[in-house]
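Step one of this worksheet: look at the structure below.
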Amino acid sequence: MLKAHFQSYNFKFNFPSGTSRGVLTEKPSWFIKIWDDLNSEVFGIGEISLIPGLSPETPEMVEQALYSFCQNPDLVMQNFHNLKLPAVKFGIETALIDLHQGGKRILFPSDFTKGTKGIRINGLVWMGNKAEMLKRLKEKVAQGFTCIKIKVGAIDFEEELNLLKYIRQSYKHSELEIRIDANGAFTPENALAKIEALSAFNLHSIEQPIKQGQWKEMALICKNSPIPVALDEELIGLYDANQRVNLLNTVKPQYIILKPSLIGGLEETLNWSNLADHFNIEWWVTSALEGNIGLNAIAQWTFLNGSAMPQGLGTGQVFSNNIHSPLEIRGEQLGYNTNIYWEEINFTKTNSESVKQKPFQYENELLQATKENKVEPKLSDSNKVKRRFT
2 MLKAHFQSYN
12 FKFNFPSGTS
22 RGVLTEKPSW
32 FIKIWDDLNS
42 EVFGIGEISL
52 IPGLSPETPE
62 MVEQALYSFC
72 QNPDLVMQNF
82 HNLKLPAVKF
92 GIETALIDLH
102 QGGKRILFPS
112 DFTKGTKGIR
122 INGLVWMGNK
132 AEMLKRLKEK
142 VAQGFTCIKI
152 KVGAIDFEEE
162 LNLLKYIRQS
172 YKHSELEIRI
182 DANGAFTPEN
192 ALAKIEALSA
202 FNLHSIEQPI
212 KQGQWKEMAL
222 ICKNSPIPVA
232 LDEELIGLYD
242 ANQRVNLLNT
252 VKPQYIILKP
262 SLIGGLEETL
272 NWSNLADHFN
282 IEWWVTSALE
292 GNIGLNAIAQ
302 WTFLNGSAMP
312 QGLGTGQVFS
322 NNIHSPLEIR
332 GEQLGYNTNI
342 YWEEINFTKT
352 NSESVKQKPF
362 QYENELLQAT
372 KENKVEPKLS
382 DSNKVKRRFT
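To convert, take the position in the sequence shown, counting from 1, and add 1; that gives my numbering.
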């Protein structure tokens, strides 16, 4: 029989990290520990982490879901596939895979976890004033990055154009690939004009130029944009396969970006990637600012499943209190150092101390599904991977 425990944890950013949605200084998170009551020495750990203002869940929803799971893991698993709490699903799913693999944080054994191969990633330049962004970009290039992602939309647009102009005068397209992420900062009325101005700098792609949910307007942008468009936030909240097909059929993006903890875990990431392949849409995987527990699971899966494009997995260094781990940046690659051990997570609080003991909002749904459908747990599907490259 499965047993579980959870612990809250707030990640603190090394510096105020700006996006067009605001500035992040800390990130509410939880760790879930799962074991079999016949062998409590072997356990899996997963991470549930939220981006305030973007994640579908609230902290209260997360804690109630985790409390319900810890009270009766087997019951929740019977309707786990239909749970519409993507970060919670990701955390529980990866903890169970970790447990299945022996509880050593090696979820998907590969040359990556052996430490012999890495994953090429992009360097991330956070929003700030022009001088700050230029300083951060130079640091990334000095580290060896040849693909840079720059967040735009928070400072004056002319300043952003001047910054990109300076970058392109300093680094040719053959030397430095530039991705930009607007996080929905443009409007349907000004997006194409701004993208046209940005296109002078030979950019790889622009992520989510306008806010999600405006499919007709986004389709027009994708059709007419001189810069390839990548959908990001647009994928959040689409749990039904027909919704996903309709999105890709309607908008016809050049790329989609897959963030497992925002779209429902690794199984759903695989489903999205298969759908993108069917529509000949390229994709890459990006973390949603997880700590090292979550980033580790995403990286291991991505090594076996991801495309050869640079992935967005270089976010592990943004926190001052991250969990110490074997993950490390080597030039422009994320690697796994087998000589470094995982920091032990101290699960100090009991579940009853962490959250009020009131029924989780999905508890009735779970009970009803168990009685009527007798749905069998299908988490094992998440452990099936398709190898793309090694």
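Note that the Cβ used here is the ideal one computed from N, Cα and C, for glycine as well.
Whole-angstrom C-beta distance between residue j and residue i, which should lie under 8 Å
i	j	result
I258	D233	4 Å
F32	I294	7 Å
F280	K13	Their Cβ separation, rounded to whole angstroms, is 40 Å, which puts F280 and K13 out of contact at 8 Å.
I120	F113	7 Å
S30	N11	7 Å
W216	V246	Between V246 and W216 the Cβ distance is about 13 Å, and since that is not below 8 Å, they are no contact.
G185	I151	Contact doesn't hold; Cβ gap of about 16 Å is too wide.
I330	E344	Contact doesn't hold; Cβ gap of about 18 Å is too wide.
Residue i vs residue j beta-carbon contact at 8 Å
i	j	result
I181	I207	yes
E48	E268	no
I149	K141	yes
P74	L3	yes
F1	G104	Only positions 2 to 391 of the chain appear in the structure, and residue 1 is not among them; the question remains open.
T303	L290	no
I122	Q301	no
G266	K34	no
Y256	I282	yes
A143	F70	no
P261	I299	yes
M219	E197	no
I156	N130	yes
Residue i classed as buried or exposed, judged by whether at least 16 other C-beta atoms fall within 10 angstroms
i	result
D37	exposed
Y132	In the sequence on display, residue 132 carries Ala and not Tyr. It counts as exposed.
A194	exposed
A309	exposed
Q170	exposed
H82	buried
P53	exposed
I341	exposed
N15	exposed
T287	buried
L39	exposed
G124	buried
For residue i: DSSP bridge partner residues
i	result
C148	E178
S50	S30
I330	L335
V286	L259
Y167	BP columns for Y167 are empty, so no partner.
Y10	S30
F44	W36
Q301	BP columns for Q301 are empty, so no partner.
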